[in-house]
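Asks:
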Amino acid sequence: MLTLVLGGARSGKTAVAEALAEAAAGARVYLATGQALDAEMAARIARHRATRGDGWRTVEEPLDVARALGRSRPGEAVLLDCLTLWLSNLMHHDRDIAAETAALLDAARACPAPVVMVSNEVGMGLVPETPLGRAFRDAQGRLNQQVAAQADRVAFVAAGLPLWLKG
Amino acid sequence: MLTLVLGGARSGKTAVAEALAEAAAGARVYLATGQALDAEMAARIARHRATRGDGWRTVEEPLDVARALGRSRPGEAVLLDCLTLWLSNLMHHDRDIAAETAALLDAARACPAPVVMVSNEVGMGLVPETPLGRAFRDAQGRLNQQVAAQADRVAFVAAGLPLWLKG
Amino acid sequence: MLTLVLGGARSGKTAVAEALAEAAAGARVYLATGQALDAEMAARIARHRATRGDGWRTVEEPLDVARALGRSRPGEAVLLDCLTLWLSNLMHHDRDIAAETAALLDAARACPAPVVMVSNEVGMGLVPETPLGRAFRDAQGRLNQQVAAQADRVAFVAAGLPLWLKG
């Protein structure tokens, strides 16, 4: 059972995803792709961690999320937060995005426990001014489409409220 | 009865909010948070004012919207347009956003007449390049979530068409 | 029968629009407003062309889409992809946007075959920093509202999945 939770920045998508994971299983792993590389990011991670309830185990994995997904314990729901930071890490480390995406989707398919993935919608502003910005926006859009195609459920979140696009 | 109308720039959210206020009460106050500080803004305000029908009283209040809400006349619906400019004014004047938001929500709860608030979705583009841009985007997202949580109805508007997220 | 397919960049809106056109008629014309002015754009056009199935005739028309719409053959569905590049071309050539929009909507009304138009949502990021950026965002929002008002159906697409705002 794969669920994609899509939304803008600060749309409340992580809280929606947490509630979905909590409804799915008593034990959960929070698979974090963000890294505390600067103070702003560290504060954001600490804030997220503080608002999560009990029953969560945290795993930090900036790149090899497919492998981390493969290591999830039986009966433990996985919340992958988020695909946007993962994609950014992949691009930063010059990884093959198509191959990594295929591996992630294979791992999600093989995972016996429920998986919830969080991702950002980043394509509803003006065209980015830099080639890198446009490349990132395009890669994020393609990734969201690929995950949504395989997902059983897709929610679009605005102001903390989910709208179901699928499922 | 609190309604939040959320949408992108030029999405037609003000027209949707005006129709909701007109359906709710014969007399309405248009609580404007924008100030005509430059020619572009003045033109925008004049355009909005010209398209409003009869039955509207206009109050301009860039900061103390809670107080203005408290002064609304009995039976008069209030359209607060918009939370985004209000937030921008708060940040510009270095006000305490959490305290001001709490005061606004208290005033909305206490208001006997229907209240419609308009706000922008600003988090669906790439990550802003400046710390101020990121701070604004985050504050706007948090504010939208807080208002939506208290609202009886929440509409997401695109191309002039409302999609109800709540209510 | 006019359908508007609205979405962010890389949201899968063209694929959704293609499927709608294919369901509507056996013969289709792909009315392309994009021009291969640089390598990035040429690659994007070639990619789109390669993913289209059989049964499509391609017409490239950066500006006079109303005239091109008038020339569509009987029984042939038209996919106009996209209004955003068209608007950008109009602004670049200093055309009268209001007059061109009226002509486009007249041509769509007069067209006996189904018409599907693709457009971008560009107003859900922060306020653009340049006057040109703000002018484009505003013109795009107004155009989307005008087309949506006349359309029989309006879909909002995210991650390849349509959400019907109308119809």
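Protein chains in written order, with this note's numbering: chain A, 1 to 167; chain B, 168 to 334; chain C, 335 to 501. A virtual CB, placed ideally from N, CA and C, is assigned to each residue, including glycine. In this text the structure is predicted, and so the values were computed from the model without any measurement.
1) For the beta strand (DSSP E) containing valine 324 of chain B, name the first residue and the last one.
2) What does aspartate 94 of chain A reach in chain C if we use C-beta pairs closer than 9 Å?
3) Does the Cβ of methionine 124 of chain A have 16 or more other Cβ atoms within 10 Å, making it buried, or fewer, making it exposed?
4) I need the straight-line Cα distance from valine 321 of chain B to leucine 250 of chain B, nearest angstrom please.
5) Can you give me the start and stop residues for the beta strand (DSSP E) that glycine 7 of chain A sits inside?
6) Would you say phenylalanine 303 of chain B and alanine 159 of chain A are within 9 Å of each other, going by their C-beta atoms?
7) Starting from alanine 194 of chain B, trace the alpha helix (DSSP H) both ways and give me its first and last residue.
8) Going along the region 482–499 of chain C in order, which residues come within less than 8 Å of chain B, judged by CB to CB distance?
9) At 8 Å on the CB atoms, spell out the chain B contacts of alanine 50 of chain A, in chain order.
10) When Cβ atoms are compared, which residues of the region 122–136 of chain A fall closer than 8 Å to chain E?
11) Pull out every residue of the region 379–413 of chain C whose Cβ sits closer than 8 Å to any Cβ of chain A, in chain order.
12) Would DSSP call alanine 370 of chain C helix, strand or coil?
13) Less than 9 Å between CB atoms is the rule here; does arginine 476 of chain C satisfy it with respect to chain A?
14) Just tell me which of C:Ala351, C:Val339 and C:Met451 has its CA closest to the CA of leucine 403 of chain C.
15) With 16 other CB atoms within 10 Å as the buried threshold, where does arginine 502 of chain C fall?
16) If we count Cβ pairs, one from each stretch, closer than 8 Å, do we get three or more for the region 430–449 of chain C versus the region 350–359 of chain C?
17) Looking at the structure shown, is leucine 172 of chain A part of a helix, part of a strand, or coil, going by DSSP?
18) Should glutamine 474 of chain C go down as buried or exposed, given a rule of 16 or more other Cβ atoms within 10 Å for buried?
19) Hey, could you find the ends of the alpha helix (DSSP H) methionine 458 of chain C is sitting in?
20) Is the Cβ of leucine 340 of chain C closer than 9 Å to any Cβ of chain B?
21) Examine chain C for any beta-carbon lying closer than 9 Å to the beta-carbon of serine 178 of chain B, and answer yes or no.
22) Can you give me the Cβ contacts of glycine 342 of chain C inside the same chain, cut-off strictly under 6 Å, excluding the 5 residues immediately before and after it?
23) Where does glutamate 129 of chain A fall in DSSP's three states?
24) If I'm right that leucine 132 of chain A touches threonine 101 of chain A with Cβ under 8 Å, what's the distance once you round it to whole angstroms?
25) Might you give, ordered along the chain, the residues of its own chain that have their beta carbon closer than 6 Å to the beta carbon of tryptophan 331 of chain B, omitting 5 neighbours on each side?
26) Should glutamate 352 of chain C be flagged as near chain A, meaning a C-beta pair shorter than 9 Å?
27) State the Cα-Cα distance for the pair alanine 206 of chain B and alanine 353 of chain C, rounded to the nearest angstrom.
28) The beta strand (DSSP E) that contains aspartate 81 of chain A, what's its start and end?
29) Whose C-beta lies closer than 8 Å to the C-beta of aspartate 273 of chain B among residues of the same chain, with five residues either side of it excluded?
30) Please confirm if aspartate 138 of chain A has its CB atom under 9 Å from at least one CB of chain C.
31) In chain A, which residues lie with their C-beta within 9 Å of the C-beta of glutamine 202 of chain B?
32) Measuring alpha carbon to alpha carbon, tell me which of A:Thr14, A:Asp96 and A:Leu161 ends up nearest arginine 44 of chain A.
33) Determine the extent of the beta strand (DSSP E) in which proline 496 of chain C is found, giving its start and end residues.
34) Contact criterion: CB-CB distance below 9 Å. Does glutamate 356 of chain C meet it with respect to chain A?
35) Using a Cβ-Cβ cut-off of 9 Å, state whether glutamate 374 of chain C counts as contacting chain A.
Replies: This is what the structure holds:
1) 320–325
2) Against chain C, a Cβ distance below 9 Å from aspartate 94 of chain A picks out nothing, because the smallest value is about 20 Å.
3) Buried, because 16 or more other Cβ atoms sit within 10 Å of the Cβ of methionine 124 of chain A.
4) 14 Å
5) Run containing glycine 7 of chain A: 2–7, per the beta strand (DSSP E) assignment.
6) no
7) First-last for alanine 194 of chain B: 194–199, but that is the beta strand (DSSP E), not the alpha helix (DSSP H).
8) Ala482, Ala483, Val488, Phe490, Leu497 and Leu499
9) Close to alanine 50 of chain A, with beta-carbon spacing below 8 Å, lies no residue of chain B; the smallest spacing is near 15 Å.
10) Of the chains in the structure shown, none is chain E; the protein chains are A, B and C.
11) none
12) coil
13) False, the Cβ-Cβ gap to chain A never drops below 9 Å.
14) C:Met451
15) Since the displayed chain C opens at 335 and closes at 501, residue 502 of chain C lies outside it and no answer follows.
16) yes
17) Residue 172 of chain A lies beyond the range of chain A shown here (1 to 167); nothing can be said about it.
18) buried
19) Per DSSP, methionine 458 of chain C belongs to no alpha helix (DSSP H) and is neither H nor E.
20) yes
21) yes
22) Glu455
23) Judged by DSSP in its simplified three-state form, glutamate 129 of chain A adopts coil rather than helix or strand.
24) Contact flag wrong, Cβ pair sits at about 19 Å.
25) Ala322
26) no
27) 45 Å
28) 76–81
29) Ala233
30) Interface residue, yes.
31) In chain order: nothing, as chain A lies at least about 25 Å away.
32) A:Thr14
33) 495–500
34) no
35) yes
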